[in-house]
Amino acid sequence: MSPASLNALAATYVAKGEFEESRKIFERALALLQRNGDADGCEAGKTYQLLGEVAQVQGHFAEAEENFKKAVALFRMQAGPGDIRTASALNSLGWLYNVGGRIQEASVTLDKAWSIAQMALPEDSPDLLMFLDAQASMHCQRGHFTEAEKHWLRGLRIAEHSNGLDTHQYAAILMHLGEMYSSFGDYKSATELFRRSLAGFEQKGVPLSITQAVMMSELGAAYTRSKNYSAAQPFFSKSLEIVAADRNPVPLGDALVLSRAGDYFMARHDWATAERHFSRALKLREQSLGEDHPLVAQSLISHSAALRKLNRKKEAKNELARANQILAVRKDSAYLANTVDVRSFRK
């Protein structure tokens, strides 16, 4: 098989959530490129970018960063600094920085990707969606919510008039915009967008995975915040069922589902169940993101609240103090702590 064929084969395993098998095939492609004397070509750049995405899904951020940087360097050298492949690799690297809480690096890298994409693509190209989504998220983190909404709505207009749409990318835009509306208390708009994202997967016949589980948990969270608990409960039951049955865990996706479920059980005064979910979410985030990430602080705050309700006051106090220490030095955490990137756990 050719390296391109191997990459295509590996992508089918990624789609099934079989990440270790996909990794082996990507590495076979790199070995073949090396033997053929093509280790510095664009196909190698593509392989490194795909390997980076797999590593990111599995929570191996340092490995993902190394692979994305290799992809950027190869595309710049072989395709040129203004090529859309260079922009795509930069976008992947910038998203990694964003999810990892390295906001300044994310901003610079994503802005570079956006500048290239605007020059390289027509203004109505579906290939712009990933860049529009990235820019919108960064505007949110800067507090420019009107600009963020404009980018996401533009992305939705492009998506709805295109053929061969990437269902995951469309869902990412719907969910991120829904998260912003939910954070402002506009639960009606948020639930509509979350439902649309789920409907897109159903229409395409996409098997249930962590991606849909996260969307279900976000929909359940919107219902919980509006105190519509009977509407929320089925979505949490199903999302937790998907996480429990998954043979190939996606740490950050699982953590978000568990965290949202914990909020639901807190609202229902089931402190013990909430504590179990928050504890698992905290461990998953610490393992993937390190101990000083805003999402870790968010989990600490949530877990400490459950611990207080269970009269474990000393533990609660220690965890809250640790969360405040993280947030005191992370001035960029306000929006980051309430968002998630679907592409961080695409399956």
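What the sequence shown shows, in the numbering used here, is residues 305 to 651, in sequence order.
Just so it is clear, CB atoms sit at the ideal spot from N, CA and C, and this is done for glycine as well.
Short Cβ contact (9 angstroms threshold) for Ser493 with Arg446: no
Ala517 to Leu502 span [Cα, whole Å]: 9 angstroms
Nearest-angstrom Cα separation, counted from Ala549 out to Glu325: Roughly 19 angstroms between the two C-alpha positions.
Met570, enclosing alpha helix (DSSP H) - first and last residue: Pro555 to Ala571
Candidates His472, Asp415, Ser606 and Gln338, of which the one nearest Glu506 by Cα: His472
Outcome for Ser608 when other beta-carbon atoms lying within 10 angstroms are tallied against a minimum of 16: buried
Touch test, the region 339-351 against the region 530-549, Cβ-Cβ under 8 angstroms, three pairs minimum: Taking one beta carbon from each stretch, the region 339-351 and the region 530-549 have fewer than 3 pairs nearer than 8 angstroms; the two do not touch.
Beta carbon of Leu397 nearer than 9 angstroms to that of Val376: yes
Meets three-Cβ-pair contact criterion under 8 angstroms: the region 615-629 and the region 378-392: No: the two stretches stay apart, fewer than three of their Cβ pairs being nearer than 8 angstroms.
For Tyr527 and Phe649, the rounded distance between their alpha carbons: In this prediction, Phe649 scores a pLDDT of 44, lower than 50, which makes its location untrustworthy; no coordinate-derived value is stated.
Phe488, DSSP secondary structure in three states: Three-state DSSP puts Phe488 in coil, outside helix and strand.
Spatial distance of Lys350 from Asn628 (CA atoms): 41 angstroms
Rounded C-alpha distance that separates Val633 from Ala625: 13 angstroms
Cβ neighbours of Ala525 in the same chain (closer than 8 angstroms, five flanking residues each side left out): Ser486, Ala536, Arg564, Asp567 and Tyr568
Met442 in three-state terms, based on DSSP: helix
Sequence-distant residues of the same chain with beta carbon closer than 6 angstroms to Leu562, five excluded per side: His581, Arg584 and Ala585
Euclidean distance between Cα positions of Pro385 and Ile420: Going from the Cα of Pro385 to the Cα of Ile420 covers about 8 angstroms.
Assigned exposure category for Asn371 - 16 Cβ within 10 Å defines buried: buried
When Asn395, Ala610, Asp490 and Lys542 are compared against Ala571, the one with the closest alpha-carbon: Ala610
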